[in-house]
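Here's the structure we're looking at; comments come further down.
There are 10 protein chains.
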Amino acid sequence: MINAIVLINTERDKVNLVGEKLASIEGVSEVYSVSGRFDLVAILRLAENEDLSDLITDKMTKIDGITKTESMIAFKTLSKYDLERMFGIGE
Amino acid sequence: MINAIVLINTERDKVNLVGEKLASIEGVSEVYSVSGRFDLVAILRLAENEDLSDLITDKMTKIDGITKTESMIAFKTLSKYDLERMFGIGE
Amino acid sequence: MINAIVLINTERDKVNLVGEKLASIEGVSEVYSVSGRFDLVAILRLAENEDLSDLITDKMTKIDGITKTESMIAFKTLSKYDLERMFGIGE
Amino acid sequence: MINAIVLINTERDKVNLVGEKLASIEGVSEVYSVSGRFDLVAILRLAENEDLSDLITDKMTKIDGITKTESMIAFKTLSKYDLERMFGIGE
Amino acid sequence: MINAIVLINTERDKVNLVGEKLASIEGVSEVYSVSGRFDLVAILRLAENEDLSDLITDKMTKIDGITKTESMIAFKTLSKYDLERMFGIGE
Amino acid sequence: MINAIVLINTERDKVNLVGEKLASIEGVSEVYSVSGRFDLVAILRLAENEDLSDLITDKMTKIDGITKTESMIAFKTLSKYDLERMFGIGE
Amino acid sequence: MINAIVLINTERDKVNLVGEKLASIEGVSEVYSVSGRFDLVAILRLAENEDLSDLITDKMTKIDGITKTESMIAFKTLSKYDLERMFGIGE
Amino acid sequence: MINAIVLINTERDKVNLVGEKLASIEGVSEVYSVSGRFDLVAILRLAENEDLSDLITDKMTKIDGITKTESMIAFKTLSKYDLERMFGIGE
Amino acid sequence: MINAIVLINTERDKVNLVGEKLASIEGVSEVYSVSGRFDLVAILRLAENEDLSDLITDKMTKIDGITKTESMIAFKTLSKYDLERMFGIGE
Amino acid sequence: MINAIVLINTERDKVNLVGEKLASIEGVSEVYSVSGRFDLVAILRLAENEDLSDLITDKMTKIDGITKTESMIAFKTLSKYDLERMFGIGE
Chain H
1 MINAIVLINT ERDKVNLVGE KLASIEGVSE VYSVSGRFDL VAILRLAENE DLSDLITDKM
61 TKIDGITKTE SMIAFKTLSK YDLERMFGIG E
Chain X
1 MINAIVLINT ERDKVNLVGE KLASIEGVSE VYSVSGRFDL VAILRLAENE DLSDLITDKM
61 TKIDGITKTE SMIAFKTLSK YDLERMFGIG E
Chain L
1 MINAIVLINT ERDKVNLVGE KLASIEGVSE VYSVSGRFDL VAILRLAENE DLSDLITDKM
61 TKIDGITKTE SMIAFKTLSK YDLERMFGIG E
Chain Y
1 MINAIVLINT ERDKVNLVGE KLASIEGVSE VYSVSGRFDL VAILRLAENE DLSDLITDKM
61 TKIDGITKTE SMIAFKTLSK YDLERMFGIG E
Chain B
1 MINAIVLINT ERDKVNLVGE KLASIEGVSE VYSVSGRFDL VAILRLAENE DLSDLITDKM
61 TKIDGITKTE SMIAFKTLSK YDLERMFGIG E
Chain W
1 MINAIVLINT ERDKVNLVGE KLASIEGVSE VYSVSGRFDL VAILRLAENE DLSDLITDKM
61 TKIDGITKTE SMIAFKTLSK YDLERMFGIG E
Chain V
1 MINAIVLINT ERDKVNLVGE KLASIEGVSE VYSVSGRFDL VAILRLAENE DLSDLITDKM
61 TKIDGITKTE SMIAFKTLSK YDLERMFGIG E
Chain E
1 MINAIVLINT ERDKVNLVGE KLASIEGVSE VYSVSGRFDL VAILRLAENE DLSDLITDKM
61 TKIDGITKTE SMIAFKTLSK YDLERMFGIG E
Chain F
1 MINAIVLINT ERDKVNLVGE KLASIEGVSE VYSVSGRFDL VAILRLAENE DLSDLITDKM
61 TKIDGITKTE SMIAFKTLSK YDLERMFGIG E
Chain S
1 MINAIVLINT ERDKVNLVGE KLASIEGVSE VYSVSGRFDL VAILRLAENE DLSDLITDKM
61 TKIDGITKTE SMIAFKTLSK YDLERMFGIG E
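Protein sequences, first through last, are from chains H, X, L, Y, B, W, V, E, F and S.
The first sequence begins at 1 in our numbering and counts up one residue at a time.
The second sequence begins at 1 in our numbering and counts up one residue at a time.
The third sequence begins at 1 in our numbering and counts up one residue at a time.
The fourth sequence begins at 1 in our numbering and counts up one residue at a time.
The fifth sequence begins at 1 in our numbering and counts up one residue at a time.
The sixth sequence begins at 1 in our numbering and counts up one residue at a time.
The seventh sequence begins at 1 in our numbering and counts up one residue at a time.
The eighth sequence begins at 1 in our numbering and counts up one residue at a time.
The ninth sequence begins at 1 in our numbering and counts up one residue at a time.
The tenth sequence begins at 1 in our numbering and counts up one residue at a time.
Listed below in structure tokens is the structure:
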């Protein structure tokens with residue numbers, strides 16, 4: 001399983017709308033509206049590298065109202081939980 | 001369940017060590033070492049507001065090697081998964 | 001009682017108007033027009049986490065003239081005053 | 001009554017200690033440990049301009065563990081509450 | 001006498017025009033067009049706190065062509081000159 | 001008369017000391033301790049370009065406790081006051 | 001052979017289109033769509049300094065959808081590979 | 001001779017045009033299109049302070065396509081060359 | 001083949017030394033010392049995701065003299081060259 | 001002739017010393033101590049690309065007291081003067 005975290009800024013009155021659209025995309029596991037400098041944080045969980053490219057450079061760019069994104073690809077995942085089994089992705 | 005995302009920078013040679021220490025703390029659900037401007041991203045999942053305060057302003061400040069943190073508290077969580085049940089936290 | 005501080009920038013000629021609209025919203029305890037890099041600082045005082053989400057991601061986004069906000073959620077409050085009693089919020 | 005808001009960063013393991021010291025200073029009405037880029041937010045409420053100068057450029061600079069501060073002086077205060085009476089300052 | 005310094009950016013072709021308008025406002029003692037990151041620096045000298053609020057959040061916001069301002073309120077003034085007498089303001 | 005404005009940051013516990021040392025230097029007309037991101041603002045008023053170079057790149061660099069400076073040279077000065085006569089510099 | 005690396009930001013929905021246009025220009029050896037703060041990274045490999053000037057200040061500025069670029073010219077190249085031979089450029 | 005260096009950003013497709021216009025202005029000695037965060041660097045060499053003010057706050061602001069400038073005035077010039085004689089400016 | 005670009009800052013007198021050490025690591029295809037805000041740019045070309053994690057969070061953190069890194073993972077690679085064959089990696 | 005402009009910050013009390021050392025290096029045509037965010041600006045004029053690499057990544061890194069540099073390589077030079085002849089470099 002490949003994990004990525006995306007920090008997102010939206011037009012002021014579209015935070016909730018963008019959040020809902022993001023959450024409905026396959027591969028987007030969770031979307032949080034958050035306090036601080038960013039509006040939304042999306043957690044992507046995917047089986048393959050290729051899906052990630054498709055998700056970030058194609059599907060996410062088509063959502064209206066996003067003004068800026070900064071994506072971070074997880075090198076390593078440390079967790080007390082068996083995330084792959086829980087989210088049913090990967091191995 | 002209260003969720004928080006913490007962006008973390010560490011001393012260069014302590015990324016993995018800090019990551020392991022963070023992951024062992026109760027309430028820290030996942031720790032990712034990531035590409036980009038930050039070194040680690042931690043996802044906190046807790047039952048109560050009070051635990052969050054204790055985790056961020058007390059327990060996390062005692063880990064040696066962290067140079068900067070920026071925490072974001074989730075207002076709303078959108079997910080196709082039943083995260084509360086999966087992580088067994090809060091109702 | 002949950003406290004949050006929001007740093008706000010507005011369109012140049014709408015500082016006072018935005019300030020007045022913010023101050024009239026329930027849960028917004030005080031609004032200060034301030035010197036420095038920001039135009040307004042709002043202090044939110046609420047009984048419940050849910051109200052905060054509603055206030056920041058919904059009600060505040062509908063005020064015209066705000067260009068940027070950065071919200072900070074209080075983990076802990078230290079005061080010589082009994083703020084909960086004074087503001088009549090929370091336990 | 002003159003109000004000022006101060007954004008504060010501290011050495012990582014001194015957030016709580018600095019917060020307590022700040023809260024004990026006369027004229028510091030509230031201190032919040034907060035999520036985000038800053039560690040603490042202090043609200044100062046004073047009767048006179050001179051006290052503010054004394055507080056920010058003298059008393060606060062003597063607290064050990066503060067690494068950066070950014071103060072904002074309130075030009076105008078909008079509130080549903082009678083803050084001067086509640087905090088017993090001014091008038 | 002209360003002193004404030006305001007760092008100002010303007011639309012590129014309005015530096016001189018904005019400077020002249022600012023200089024004509026009562027309470028604005030001097031306006032400098034300057035080298036560096038900012039276009040203008042205004043020095044405000046006033047008798048009362050209230051005038052400052054009025055000047056910065058009302059009169060200055062009505063000047064067309066200003067894109068950004070950052071105001072700094074003087075806590076203390078050190079000078080070999082008797083500024084209050086020279087500018088005929090305050091005591 | 002040549003005017004320059006210098007934005008100054010100091011070590012936290014040396015704001016007042018640095019301010020006093022600066023104010024005693026010939027050519028430094030006024031020093032303000034200020035709210036916001038900077039600690040001090042110095043106004044330099046000199047008869048000659050050469051004095052300015054000497055003041056900024058030599059005399060001011062010898063004051064202990066200054067951590068950062070950003071100087072701005074005035075191209076033009078707009079004022080209701082006859083600053084040259086008042087400060088007895090230039091013409 | 002002269003190498004240059006260009007960090008590129010594009011309008012959100014034009015990442016792939018801009019990438020393809022860049023990749024088709026002579027002298028642009030590789031274009032990567034990337035995670036993080038930038039959208040694309042282009043590697044330029046050219047025989048002559050003059051071509052680089054032409055590429056960056058002329059050809060690349062004509063591609064629609066680029067919002068910001070930051071170019072870095074390589075002083076020295078260290079590689080286990082014989083890049084000049086592999087890319088058929090220079091000596 | 002007074003020297004100033006100006007860092008300039010332009011609209012993407014006007015780098016060369018703005019550069020040519022700048023180079024034709026009296027007092028602008030050299031204009032370089034450059035790698036990195038800025039688009040152009042202009043070197044101004046003038047006999048008098050007044051010309052500099054006129055050049056930067058008037059003539060340069062009338063060139064279409066400039067989006068940002070940051071000017072730096074030289075306090076001192078160190079060179080193995082006799083720049084004043086070479087450029088035929090000043091004493 | 002997985003590609004990553006790493007922007008690197010080093011201690012001032014260790015640019016060349018760090019560059020040579022980086023270039024000798026397996027998986028580091030090219031290292032460029034560059035003009036601008038960064039000191040070095042490293043291009044990583046690897047067969048597997050796991051190697052990338054090992055390279056960035058372990059091997060590269062052990063090189064003395066690096067002060068900051070910002071890594072970017074390539075989602076997609078566009079090139080007129082058959083990079084995989086040329087560098088003998090992947091497929 | 002290849003031109004490069006280098007923006008330089010130094011330790012506060014070493015501006016003049018660093019400036020003099022830089023000016024004595026072959027290939028460094030002019031060094032200016034300047035107003036604003038930077039301390040020094042160096043203009044490099046060289047016959048060959050290789051000399052530039054040697055100057056920036058080797059000779060300049062050996063000068064004590066420099067804290068940060070940002071170099072910009074000139075793609076194109078526009079000037080009313082015949083710089084190559086004047087500085088006796090190139091052609």
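In this text, a Cβ means the ideal position worked out from N, Cα and C, and glycines have one as well.
From a predicted model like this one, the values you see are computed outputs, not experimental measurements.
In its chain, beyond the 5 residues on either side, Val-41, Ala-42, Ile-43, Leu-44, Ser-71, Met-72, Ala-74 have a beta carbon closer than 8 Å to the beta carbon of X:Ile-5. B:Glu-30 sits buried, since 16 or more C-beta atoms from the chains shown fall within 10 Å of its C-beta. Beta-bridge pairing by DSSP links L:Leu-22 to no other residue. For W:Gly-36, the closest Cβ of chain Y is nearer than 9 Å.
The C-alpha of V:Thr-67 is placed about 31 Å away from the C-alpha of L:Asp-58. Taking the Cα positions, B:Gly-65 is about 14 Å away from B:Phe-38.
W:Lys-62 counts as exposed, since fewer than 16 other beta carbons sit within 10 angstroms of its beta carbon. By the rule that beta-carbons nearer than 9 Å mark a contact, H:Glu-70 touches chain V. Non-local beta-carbon contacts of E:Leu-83 in its own chain, meaning distances under 6 Å to residues more than five positions away in sequence, are absent. Around the beta carbon of B:Gly-19, 16 or more other beta carbons lie within 10 angstroms, which makes this residue buried. A Cβ-Cβ separation of about 6 Å places L:Ser-79 in contact with Y:Ala-23 under the 8 Å criterion. Contact annotation: in the segment 24-56 of chain X, residues whose CB is within less than 8 Å of a CB in chain L are Asn-49, Leu-52, Ser-53, Ile-56. Within the same chain, Ser-71 come within 6 Å of S:Ile-56 by CB-CB distance, once the 5 residues on both sides are set aside.
Of all residues in the segment 11-22 of chain H, only Arg-12, Asp-13, Val-15, Asn-16 place a beta-carbon less than 7 Å from a beta-carbon of chain L. Its chain contains Gly-65, Thr-67 as the residues whose beta carbon lies nearer than 7 Å to that of F:Glu-11, once the 5 sequence neighbours on both sides are disregarded; these appear in chain order. Residue state for S:Met-60 is assigned as helix, using DSSP reduced to three classes. The C-alpha of S:Val-15 lies about 20 Å from the C-alpha of S:Gly-27. Not a single C-beta of chain F is nearer than 9 Å to the C-beta of S:Thr-77. Taking a Cβ-Cβ threshold of 7 Å, none of the residues of chain H is close to F:Ile-5; the smallest such distance is about 13 Å. Residue-level contact by beta carbon holds for Y:Asp-58 and chain W, with a gap shorter than 9 Å. At a cut-off of 9 Å between beta-carbon atoms, H:Ile-73 makes contact with chain V. Residues of chain H whose Cβ lies closer than 9 Å to the Cβ of X:Met-86 are, in chain order, Tyr-81, Met-86, Phe-87.
V:Asn-49 is a Cβ neighbour of S:Ile-2, given a cutoff of 9 Å. Boundaries of the beta strand (DSSP E) harbouring B:Phe-75: 66-79, taken from the DSSP string.
Under the Cβ criterion of 9 Å, W:Ile-8 is not counted among the residues facing chain E. Residue contact check for S:Ile-2 against chain V: a CB pair falls below 9 Å. Contact between B:Lys-76 and Y:Ser-53 holds, with the beta-carbon distance rounding to 5 Å and staying under 8 Å. In this structure, DSSP gives X:Glu-30 an extended state, which the three-state scheme calls strand. L:Ile-25 has its alpha-carbon roughly 24 Å from the corresponding atom of L:Tyr-81. Distance from the CA of L:Leu-17 to the CA of E:Ile-8, rounded to the nearest whole angstrom, comes to 36 Å. Judged by DSSP in its simplified three-state form, S:Arg-37 adopts coil rather than helix or strand. In this chain, V:Leu-55 is not harboured by any alpha helix (DSSP H), its DSSP state being neither H nor E.
By alpha-carbon distance to V:Ile-89, the top candidate from V:Asp-51, V:Ser-33, V:Asp-13 is V:Asp-51.
DSSP places L:Met-1 in no alpha helix (DSSP H); its state is neither H nor E.
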